[in-house]
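Down below is the structure, laid out as C-alpha cells.
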Amino acid sequence: MLGRTLQEVSEALKQGLVTPTELCQRCLSLIKKTKILNAYITVSEEVALKQAEESEKRYKKGHSLGDLDGIPVAVKDNFSTAGIETTCASNMLKGYVPPYNATVVQKLLDQGALLMGKTNLDEFAMGSGSTDGIFGPVKNPWSYSKQYREKRKQKSHGESEDSHWLITGGSSGGSAAAVSAFTCFAALGSDTGGSTRNPAAHCGVVGLKPSYGLVSRHGLIPLVNSMDVPGILTRCVDDAAIVLGILAGHDPKDSTTIQDPVKPFTLPSLTDMSKLCIGIPKEYLTPELSSEVQSLWSKAANLFESEGAKVIEVSLPHTSYSIVCYHVLCTSEVASNMARFDGLEYGHRCDTDVSTEAMYAATRREGFNDVVRGRILSGNFFLLKENYENYFVKAQKVRRLIAHDFVNVFNSGVDVLLTPTTLSEAVPHTEFIREDNRTRSAQDDLFTQAVNMAGLPAVSVPMALSSQGLPIGLQFIGRAFCDQQLLTVAKWFEKQVQFPVIQLQELMDDCSSIFENEKLASVSLK
Amino acid sequence: MATPVLRWCCPGRRWVFAGIGGVSRHGRGVPTGSTSSGKRGQSSVAQQPLITAQKPRKGEREWAAVVGLEIHAQIASNSKLFSGSQVDFAAPPNSLVSFFDASLPGTLPVLNRRCVEAAVMTGLALDCHINRRSLFDRKHYFYADLPAGYQITQQRLPIAVNGSLVYSVCVGKRRSQMVTKTAGVKQIQLEQDSGKSLHDSLRSQTLIDLNRAEGQLRVDANISVHNPGEPLGVRTEVKNLNSARFLAKAIDYEIQRQINELENGGKILNETRSFDYKLGCTVPMRDKEGKQDYRFMPEPNLPPLLLYDSESLPTGTDPQQVINIDQLREQLPELPRVTREKLVQQYGMLPEHSFALLNEVGLLEFFQNVIKETRAEPKKVTSWVLNTFLGFLKQQNLAVSESPVTPSALAELDLLDRKAISSSAAKQVFQELWRSKGKTPAQIVAEKKLELMQDAEALEQLCRSTLEAHPQVVTDVKKGNPRAINKLIGLVRRATLGRADPTVIKEVLERQLSL
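Protein sequence lines correspond, in order, to chains A and B. Each step along the first sequence adds one to the number in UniProt numbering, with nothing skipped, and position 389 is 389. Each step along the second sequence adds one to the number in UniProt numbering, with nothing skipped, and position 258 is 258.
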C-alpha cells in the first residue's frame, strides 16, 4: 500500500480499502524503521493520528474533503506550522514554535491531509546536500536499496556498507527521502536555486518547482524572497499536479502571488506529439556533466524526436553568469532576511547581557552555522553604499539578461526545455564533504538555478538508474505560468521511461508486511 | 510598529518654518531674512539659502543658514501600513501586534490601500508630481524596537516628488505683517514605523512596544551654515523633534552653535544630534544611533506600486485593486490656502485672521456658523471669535468642540451687542455664557439687568444730577481738561449700573454742559 502513488491511495481511501488511521499508522511505523535516514526533524505523530481520526469520520459520513483527505504528507522544516516546532535546521530557531501555518500548509490541512512531520534540510535551506543542518545529514534511501547494494557488491568487497551512504542532495533532502522511502505520499520542499529538483533527482522522485507567484510563500521562512518557491515532491507527475492544483492561487498574504484564479486540474495524456517543440540548451552541455547523465539526456531527446516531437538546439547565452550572479543576489537577500534573528522576539538568545549589541553578536554567532554567517557577511558587503552599484545592481541586470534568454527561446516557438537536473547521480557523503558548501552549491545548482532567476516552472523527473544503480533525473523547464503544459509533457515522458520502484526491503526487512498488499489486488502498482 | 508613516522630505536648501513664531531668534542679531524682502528668515522655492544673519558687526562675517526637514507624519488609518493590525493610540503595549509586526519568520508585508490613498492625497495637496510607479526599499539597522532588522520605506522611487507648500509668517515689530513663503517638497514616501523603546535605567532594561503608538508627528532637521556666496557648510541632523516649538528651538540653537563653532576656528562634524528640551540645546547622539550605512535594497516582497488616472486605467479592472489618482483628486477637500483666500475676499478679513481661523481645528466652521446666524459685520464676528472666544479656549486649554458657547449663542450675543447692550456688558454676558451652559444671552441679559437704558428722559435726569453733584469736575471740564469729561461719563455709567452706552452719555453730558 505504501509503495503506491498519492492518486492510487486516494482511490483506495475512497473505496474504503484502507482507512486514514491505518495509513497513518503504517507511515508512522515506517518513519521509525527508516530513522537511519534522518529525513525527519520532528515527527508529529499525535497531530497526524488526530487528523487521521477526523479524516476517518469524514469518510464514514461520506464527506471526504477531496483527493488529499487522509493522505500522509511531510513538510520541510522551513515552513511555519502552528504549534509544531519549526527549526530551519538551525540553532537559531531550535525550540521556535510558530503561532501560524504557512498558507501552503494550511491548504494541505484544509484538504484533510495528515501531517506526518517536518523534514530535514540544510540550515536555512542553504546547501545542496542536506548535510549542513544541526540535526545531521540526511541519508539517501537509495543507499539501502537492493538496486544499489547489488551493484556495490559486484565492485567493492570488504568495505563497510554503511560508511558509503549517499547524500540526498538538497536542500529539501529530508522531503525527498521521506517520499522516496514511502513514509509519506507527498512532501513540501522549497526551491530557491534547485533545492527541490536536485534532491528529487538524487532520490528518484518527481520534484516540481512551480512558477514564481503561482504558490504562496507566506509562512515559508525565506532564503531569497525573489526566487523562493514552495516545491512539491511526489512519486509521480500526476501526484505533483494534484498537489499543485490545491496549493496554487492568489494569497492575500503574499502580494507576489498572481491575482488570476487557479482551479485544480488533471493532466491530459499527450497524444499529438507533432505539435510539441522541445529545446535543448547547448550551454548545458558542460565538461563537468557525467557521461552517463549526458547519454541519458540525448536518449531522452531522441525519444521525443522519434515520437514525432520537434527537438531543436537552443542557446541561453547568459547561463554561465548565473552562478556568480546568484551568489550576489542570494547573499544580499540572506543578509537582509537574517537580520530579524537577533534573539529578542523569538529563537535562540545567548546568555550575554552586557549590552544589546553584545547580545546580538553572541546570539548570531551561536545561532548560525558558518555557511549562514558567511553568506550574511558577503551579502552585507555587497549592499554597502560603496558596493551596491558594482555588485547588487549589476547582478540584477545580469539576472534580467538570464531571464530574457528564456523569453527569447520560448518566443522562438519552443514549448519546453529539456536539460539534466544534476551533473551526476548522488555521491557518497564522504566524497561530498571534500568540498565546502559554497563550491558544492555552485556546482550542483548549475542546471537548476537560472530557472529561479527567471521565475519559470521546472520539474525533475526520474529517468533511469545509473550503472551504479542510482537514480538519474532530467529537468523540464516551461514557460512562466504554463505549469500545466510542463507537467503534461513530463507525464508523457514519465510514462515512456518507466522508472523502476526503489527496493527497500533490506532496510525494512522486519516490517515487510507493510509492503504486502492484502486488500488491494484491484489497484495496480505503476 | 509598522504604523504607517508619511515622510516628507523638504530639500536642504531652504529654511522651512513650521508656521510658528519665534523661529529665528538666534543670538547674533535677529536674522534679517532674504535679500529680496529684507524680512526675517523664510523659505521659498528659490535655491537661495534663506536665512542671513543681521548685518555683521565690524570684522564679523555674514552667515546664512540652510535647513531641510524630514517630517514623519502618522497616517490616520484603521490598520497599519503593511499588516491588518489596528492603529489605536490608547491601546495597551503590544496589544495590536500581528505576526508581521513582530517580524515572525515567513510573514510578508501587504500594502494598506488607505495609506496609499492618503499618500496620494497628501501629494496632490502639496502640489507634487505623483509617480505612477513607485518602489519599496529595505533600510537596515539593528535596533531593539526594529524587530525585522530593517524598515520598509521608499528611498529610491517614492510615491510623490517635487511639490511645494505656500505658507505665511508674521513679520514686523508687532508681527502684524504677513509674508507669503514657499517651501519646496522634495519627496513624499510611505514608510513603516519602528516600534517604541522604553528604557528603564533603574533595572537596566529596555521595554519594547510594537504597537508603535507614539507621536503623530516627528521631525528631523538638517542644518548647516555658510557664508553667502560660498559653498554650503557641513550639516548636522537633529533627530526626533516632536513639536513645532522644540523644532524651532533646536534649529535656532543649532544655527547659533554652528556659527559660534566656526567663528572660534572650530569645525562642524557631519553628525546626528538630539535636542535636550530641558536644557534647550542639541547634543551629539551616540555613534551607533547616528551615521551608519543602511544597506538599502529593494523590498522583494512588494511588487512595484502602480497608480492610474482615468485615462490610463486598464479596462475591466476591479476598482478595489487599483488606485485612480483622478478620483482621489476629486475627493480632495478645499485646501487651506484656497479657504483663506476666500475668507479674505468674502469678508474683507485680514490675511493673518484667515490663518488664525484655520490654524485651530473647528474654528473656521464655528466662525461660519456664527456668520450664518447674525447680520453683524463679519469684522465684528471675526473679532469676537478670534479675540474673545479663542482667548477663552486657550486660557482653559479647550478644543473648539469642547466649547460651552455655541455658535448660535455667540450670534445672538452679537446681535444684542449691536442694539441692546453695551460692548462691556456683552463681554460680561460672554463670561456668563461660558460659565452657565445652556442659558441664552437674552436670559443672562435679563437676569443681570444688562440691557441698555432705553429711557432717554431718565438718562437726561441722571446726567443732570451728576453734574450738580460734582461742580469741581464741571469746572475742570470748562477749563479745558480733556480727561474731566471721562470722569463724568464714568460717574453716570456707574449710576446706570453700566446699562448706558458711554457714547450716548457723552452726547448728553456735552449737550448739558453746552460744550
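Backbone N, C-alpha and C define an ideal beta-carbon position, used for all residues, glycine too.
Q.
Using C-beta distances below 7 angstroms, list every residue in its chain close to residue 378 of chain A, excluding the 5 sequence neighbours before and after it, in chain order.
A. As a working mapping, residue 378 of chain A is identified with position 378 in the first sequence. Shown here for residue 378 of chain A: same chain residues with a beta carbon closer than 7 angstroms to its own, the five before and five after excluded, namely 331 in chain order.
**Q.** Same chain, Cβ closer than 8 angstroms to residue 200 of chain B, five either side skipped, listed in chain order
**A.** For this step, residue 200 of chain B is matched to residue 200 along the second sequence. So the qualifying residues of the chain are 206, 207.
Q) What runs of the alpha helix (DSSP H), each 4 residues or longer, lie entirely inside the stretch 327-393 of chain A? A) Correct list: 356-367, 370-383, 385-388.
(Q) Please list, in chain order, the chain A residues whose beta carbon lies closer than 9 angstroms to that of residue 106 of chain B. (A) Counting from one through the second sequence, the residue named residue 106 of chain B turns up at place 106. Those are 78, 79, 80, 86, 98, 100, 102, 217, 218, 219, 220, 221, 222, listed as they occur along chain A.
Q. Residues of chain A with CB under 7 angstroms from residue 76 of chain B, in chain order?
A. As a working mapping, residue 76 of chain B is identified with position 76 in the second sequence. Ordered by position in chain A, no residue passes the 7 angstroms Cβ test against residue 76 of chain B, which lies about 23 angstroms from the chain.
Q: Let me know the secondary structure DSSP gives residue 245 of chain A once reduced to three states.
A: Working through the first sequence from its first residue, we reach residue 245 of chain A at position 245. Taken through DSSP and simplified to helix, strand or coil, residue 245 of chain A comes out as helix.
Q) Cβ atoms of residue 240 of chain A and residue 205 of chain A: under 7 angstroms apart, would you say? A) Sequence index remark: in the first sequence, residue 205 of chain A carries index 205 (1-based). Sequence index remark: in the first sequence, residue 240 of chain A carries index 240 (1-based). In this structure, residue 205 of chain A sits away from residue 240 of chain A, with a CB-CB distance that is not shorter than 7 angstroms.
(Q) Between residue 131 of chain A and residue 85 of chain A, how many whole angstroms is the CB-CB distance? I'm expecting something under 8 angstroms. (A) In the first sequence, residue 131 of chain A corresponds to position 131, counting from 1. In the first sequence, residue 85 of chain A corresponds to position 85, counting from 1. Wrong, their Cβ atoms sit about 21 angstroms apart, outside the cutoff.
Q.
Let's test the definition: count the other Cβ atoms within 10 Å of the Cβ of residue 140 of chain B and tell me whether it reaches 16, buried, or not, exposed.
A. As a first step, residue 140 of chain B is located in the second sequence; it is residue number 140 there, counting from the start. So residue 140 of chain B counts as buried.
Q. Can you check whether the CB of residue 322 of chain B is closer than 7 angstroms to the CB of residue 270 of chain B?
A. Walking along the second sequence from the start, residue 270 of chain B turns up at place 270. Walking along the second sequence from the start, residue 322 of chain B turns up at place 322. By the CB criterion at 7 angstroms, residue 270 of chain B and residue 322 of chain B fall outside the cutoff.
Q) In terms of residue numbering, what span does the alpha helix (DSSP H) encompassing residue 368 of chain B cover? A) As a first step, residue 368 of chain B must be located in the second sequence, where it is residue number 368. In this chain, the alpha helix (DSSP H) harbouring residue 368 of chain B covers 363-373.
Q. Under three-state DSSP, which class holds residue 540 of chain A?
A. The structure shown does not extend to residue 540 of chain A, since chain A is modelled only from 1 to 526, so the question has no answer here.
Q: Using three-state DSSP, classify residue 39 of chain B as helix, strand or coil.
A: By 1-based counting over the second sequence, the position of residue 39 of chain B is 39. Here residue 39 of chain B scores only 28 on pLDDT, less than 50, and its place in the model should not be relied on; the value that follows carries that caveat. Judged by DSSP in its simplified three-state form, residue 39 of chain B adopts coil rather than helix or strand.
Q. Which ranges would you report for the beta strand (DSSP E) in the UniProt domain "Amidase" (27-145) of chain A if only whole runs of at least 3 residues count?
A. 40-43, 72-76, 114-119, all fully within the UniProt domain "Amidase" (27-145) of chain A.
Q. Helix or strand or just coil, what does DSSP make of residue 264 of chain A?
A. As a first step, residue 264 of chain A must be located in the first sequence, where it is residue number 264. In the three-state scheme derived from DSSP, where H, G and I count as helix and E and B as strand, residue 264 of chain A is classed as coil.
Q. So, residue 420 of chain A versus residue 297 of chain A, is the Cβ gap smaller than 7 angstroms?
A. Counting from 1 along the first sequence, the entry for residue 420 of chain A is found at position 420. Counting from 1 along the first sequence, the entry for residue 297 of chain A is found at position 297. Contact: yes.
Q | Meets three-Cβ-pair contact criterion under 8 angstroms: the stretch 164-183 of chain B and the stretch 308-316 of chain B | A | Three or more beta-carbon pairs separated by less than 8 angstroms are not found between the stretch 164-183 of chain B and the stretch 308-316 of chain B, which leaves the two stretches without contact.
Q: Anything in the stretch 132-145 of chain B with a Cβ closer than 7 angstroms to a Cβ of chain A? List those residues in chain order, please.
A: Across the stretch 132-145 of chain B, CB contacts with chain A closer than 7 angstroms involve 138, 140, 142, 144, in sequence order along the chain.
**Q.** Buried versus exposed, by CB contacts within 10 Å (16 or more), residue 299 of chain B
**A.** Residue 299 of chain B sits at position 299 when you count from the first residue of the second sequence. Buried, because 16 or more other Cβ atoms sit within 10 Å of the Cβ of residue 299 of chain B.
Q | CB of residue 441 of chain A within 7 angstroms of CB of residue 128 of chain A, strictly | A | What you label residue 441 of chain A is simply residue 441 of the first sequence in a count that begins at 1. What you label residue 128 of chain A is simply residue 128 of the first sequence in a count that begins at 1. Against a cut-off of 7 angstroms, the Cβ pair of residue 128 of chain A and residue 441 of chain A comes out as a contact.
Q. Taking the C-alpha atoms as reference points, what is the distance between residue 243 of chain B and residue 249 of chain B?
A. If you number the second sequence from 1, residue 243 of chain B lands on position 243. If you number the second sequence from 1, residue 249 of chain B lands on position 249. Rounded to whole angstroms, the gap between the alpha carbons of residue 243 of chain B and residue 249 of chain B is 10 angstroms.
(Q) Are the CB atoms of residue 188 of chain A and residue 488 of chain A within a distance shorter than 7 angstroms? (A) Here residue 488 of chain A refers to the residue found at position 488 when the first sequence is read from its first residue. Here residue 188 of chain A refers to the residue found at position 188 when the first sequence is read from its first residue. Taking 7 angstroms as the cut-off, the beta carbon of residue 488 of chain A is found no closer than this to the beta carbon of residue 188 of chain A.
Q | C-alpha distance - residue 229 of chain B paired with residue 283 of chain B, whole-angstrom precision | A | Taking the first residue of the second sequence as 1, we reach residue 229 of chain B at position 229. Taking the first residue of the second sequence as 1, we reach residue 283 of chain B at position 283. Near 29 angstroms, if we compare the C-alpha coordinates of residue 283 of chain B and residue 229 of chain B.
Q: Establish whether the CB of residue 149 of chain A and some CB of chain B are separated by less than 7 angstroms.
A: Mapped onto the first sequence, residue 149 of chain A falls at position 149. It does not: the Cβ of residue 149 of chain A has no partner Cβ on chain B nearer than 7 angstroms.
Q. Where does residue 343 of chain B fall in DSSP's three states?
A. Translated into the one-based positions of the second sequence, residue 343 of chain B becomes position 343. Correct three-state label for residue 343 of chain B: helix.
Q) Got a sec: which bits of the stretch 382-407 of chain A sit with their beta carbon under 7 angstroms from any beta carbon on chain B, in order along the chain? A) Listed by position along the chain: 383, 384, 385, 392.
Q | chain A contact for residue 58 of chain B (CB, 7 angstroms cutoff) | A | Mapped onto the second sequence, residue 58 of chain B falls at position 58. Because residue 58 of chain B sits at a pLDDT of 42, beneath the cut-off of 50, its placement in the model cannot be relied upon, and the following sentence gives the value as read from the coordinates. Judged by the 7 angstroms Cβ criterion, residue 58 of chain B is not in contact with chain A.
Q: Output the residue ranges of the beta strand (DSSP E) runs that lie fully inside the stretch 170-240 of chain A and measure 3 residues or longer, sorted by chain position.
A: DSSP assignment within the stretch 170-240 of chain A yields the following whole beta strand (DSSP E) runs of 3 residues or more, N-terminal first: 186-191, 206-209, 229-234.
Q) Quick one: is residue 90 of chain B buried, meaning 16 or more other Cβ sit within 10 Å of its Cβ, or exposed? A) Position 90 of the second sequence holds residue 90 of chain B. Exposed.
(Q) Between the alpha carbons of residue 79 of chain B and residue 325 of chain B, how many angstroms are there, rounded? (A) The residue you call residue 79 of chain B lines up with position 79 of the second sequence. The residue you call residue 325 of chain B lines up with position 325 of the second sequence. For residue 79 of chain B and residue 325 of chain B, the distance between alpha carbons rounds to 22 angstroms.
Q: Can you check the stretch 275-310 of chain A for any beta strand (DSSP E) of at least 3 residues that lies completely inside it and give the ranges in chain order?
A: With a minimum length of 3 residues, the continuous beta strand (DSSP E) runs that stay inside the stretch 275-310 of chain A are 277-281.
Q.
Am I right that residue 432 of chain A and residue 459 of chain A are in contact with their C-beta atoms under 8 angstroms? What's the rounded C-beta distance?
A. By one-based count along the first sequence, residue 432 of chain A stands at place 432. By one-based count along the first sequence, residue 459 of chain A stands at place 459. 24 angstroms between Cβ atoms; not a contact.
Q | Proximity of residue 295 of chain A and residue 402 of chain A at Cβ, strictly below 7 angstroms | A | Here residue 295 of chain A is taken as the residue at index 295 of the first sequence, counted from 1. Here residue 402 of chain A is taken as the residue at index 402 of the first sequence, counted from 1. Against a cut-off of 7 angstroms, the Cβ pair of residue 402 of chain A and residue 295 of chain A comes out as no contact.
Q. Taking 7 angstroms as the CB-CB limit, is residue 406 of chain B close to chain A?
A. Here residue 406 of chain B refers to the residue found at position 406 when the second sequence is read from its first residue. Interface flag for residue 406 of chain B against chain A is unset, since no Cβ pair is found closer than 7 angstroms.
Q: Sort B/427, B/100, B/443, B/156 by Cα distance to residue 561 of chain B and report the nearest one.
A: Look at the range of chain B in this structure, 1 to 515, and you will see that residue 561 of chain B is not part of it.
Q. With 16 as the cutoff for other CB atoms within 10 Å, does residue 423 of chain B come out buried or exposed?
A. Looking up residue 423 of chain B in the second sequence gives position 423. The residue in question, residue 423 of chain B, is exposed, as its Cβ has fewer than 16 Cβ neighbours within 10 Å.
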